[in-house]
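Residue numbers for the sequence shown follow UniProt numbering, beginning at 1 and rising by one. Built from N, CA and C at the ideal position, the CB exists for glycine as well. Data block below; observations after.
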Amino acid sequence: MVSNKFSTEELDYWEDWKTRRDPEAGDYLVERYLPLVDYVIQRFMINLPKSVEKDDIRSLAYEGLLDAFDKFDIERDLKFETYATWRIKGSIIDGLRRSDWLPRSVRDKVKKVEEAYAILEQQHSQSVTDEEVSRYLGITKAELNKTVSDAALSTMISIDETNYDGQEQTGKHSILRADAALSPERHVFNQLIKESLSQAIARLPEKEKLVVSLCYFEELKLTEIAEVLSVSVSRVSQLHSKAMLRLHAATVAIHENY
C-alpha cells in the first residue's frame with residue numbers, strides 16, 4: 001500500500017511513470033523536483049574549487065535526479081526528496097572522483113592538515129588556531145589556508161562516502177534506513193558520530209560556528225552568508241572549509257574503530 005506522502009495528483013503521475021514510462025508523467029516529475037538539483041548544487045558550490053565548472057556539476061546532479069526517478073520505490077515509507085537528495089549528491093561525488101579533480105600531492109597535504117587538527121584538538125579539547133596548526137606542521141599560515149581551501153570537497157566526500165545498492169545506502173552515514181532497522185552496532189556508531197559532531201560544533205570558533213549554522217540550519221546561500229557577516233564570499237568559503245575539516249577530524253577516531 002502506498003503511503004500518503006504524495007498528493008492524489010502526484011501519485012497518479014508516479015504510477016504512470018513507474019508502470020509505462022509515460023513522457024508526460026516524466027516531464028511533470030522533473031519540473032516538480034528540479035529545485036532539488038539547485039538546492040544540492042548550492043551546497044556543493046561552497047566547497048568546489050574555481051576550476052570546476054558549475055555546468056558540469058549541474059549535469060551530474062541532473063543525472064542523479066533521473067536515476068532517483070528510476071529507482072525510487074513509491075510504496076516505501078520514505079520521502080522522495082530525501083532519497084533524491086542523496087542520489088544527486090552521490091552522482092556529483094562519483095563524477096568528481098572519476099575526473100580526479102584533486103592531485104595526489106594535494107591530497108597528501110590535506111591528510112596531514114586533517115591529522116594535525118585531530119591530534120591538536122584532541123590534546124587541547126578545544127579548537128586550535130591557525131598559528132598552532134601551522135607551527136605543528138612547519139608551514140606558513142598562507143600555506144595552511146591554501147591547503148584548507150583545497151581540502152573542502154575532499155573532506156566532504158570522505159564524510160559522505162556512499163555505496164548505493166538498489167535503494168539502500170550502505171556507506172558510513174546511511175540516512176535512508178529507519179533507526180529501528182539498524183543493527184545494534186550501527187545504532188551505537190551513529191550515536192557516537194552524532195555526539196562527536198555535536199561536541200565538535202560546540203568547540204568551533206564563533207565565526208566558523210555561525211557559518212555552519214547559517215549554511216546548514218538557516219540554509220542561506222553563500223552570498224547571503226557573506227552579506228550577513230559583512231565579509232567576502234571567499235572568506236565565507238574559507239571559514240566553511242576550516243569548519244568542515246575540524247568536524248571531519250573529530251570523527252576520524254570513531255571511523256578507525258569501526
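Beta-carbon contacts of residue i that lie in its chain and below 6 Å, excluding the five residues immediately before and after
i           : result
E15         : none
residue 265 : Nothing in the structure corresponds to residue 265, since the chain is present only between 1 and 258.
E224        : none
V228        : none
L34         : none
Whole-Å CB distance - residue i paired with residue j, under 8 Å assumed
i           : j    : result
L197        : L247 : 6 Å
V37         : Y62  : 6 Å
V236        : L222 : 6 Å
V52         : T85  : At roughly 20 Å, the Cβ-Cβ gap does not stay under 8 Å, so V52 and T85 are not in contact.
G64         : I92  : 7 Å
A250        : A202 : Wrong, their Cβ atoms sit about 11 Å apart, outside the cutoff.
residue 290 : K5   : Outside the displayed span of the chain (1 to 258) sits residue 290, for which this structure offers no information.
E208        : K242 : 6 Å
Three-way DSSP call (helix, strand, coil) for residue i in this model
i    : result
I41  : helix
D139 : It should be pointed out that residue 139 corresponds to Ile in this sequence rather than to Asp. I139: coil per DSSP, three-state reduction.
F69  : helix
I74  : coil
Q123 : helix
E31  : helix
A249 : helix
R21  : coil
K79  : coil
T147 : helix
E54  : Residue 54 is actually Lys in this sequence, not Glu. Here K54 sits in helix by DSSP.
K5   : coil
V133 : helix
V128 : coil
Sequence-distant residues of the same chain with beta carbon closer than 8 Å to residue i, five excluded per side
i           : result
K141        : D130, E131, S134
V113        : V133, L137, L144, T147, V148, A151, L245
residue 265 : In this structure the chain extends from 1 to 258, so residue 265 is not present and cannot be described.
R21         : none
A226        : S232, V233, R235, V236
Q238        : N145, V148, S149
E81         : Y33, L36
The ligand PLP heavy atom lying under 6 Å from the CB of residue i
i    : result
I119 : The ligand PLP is not part of the structure shown, which contains no ligands of any sort.
Beta-carbon proximity list for residue i, same chain, < 7 Å, skipping 5 on both sides
i    : result
Y136 : A116, L120
G95  : L60
Q42  : K221
P23  : none
F44  : I57, I92
Next on the checklist: Please give me, in chain order, every unbroken run of the alpha helix (DSSP H) with length at least 4 that falls completely inside the UniProt domain "RNA polymerase sigma-70 region 4" (200-247).
Outcome noted: As far as the UniProt domain "RNA polymerase sigma-70 region 4" (200-247) is concerned, its whole alpha helix (DSSP H) runs of at least 4 residues are 206-212, 222-229.
Checklist entry - Looking at C-beta atoms only, is the number of pairs between the region 119-126 and the region 85-101 that lie closer than 8 Å three or more? => result Pairwise C-beta distances place the region 119-126 out of contact with the region 85-101, as fewer than three of them are shorter than 8 Å.
Item to check | At least three beta-carbon pairs within less than 8 Å, the region 58-75 to the region 103-110 | outcome: In short, these stretches do not touch, since the Cβ pair count stays below three.
Next on the checklist: Under 8 Å: do the region 20-32 and the region 51-58 share three or more Cβ pairs, one atom per stretch?
Outcome noted: Because the criterion of three Cβ pairs below 8 Å is not met, the region 20-32 and the region 51-58 do not touch.
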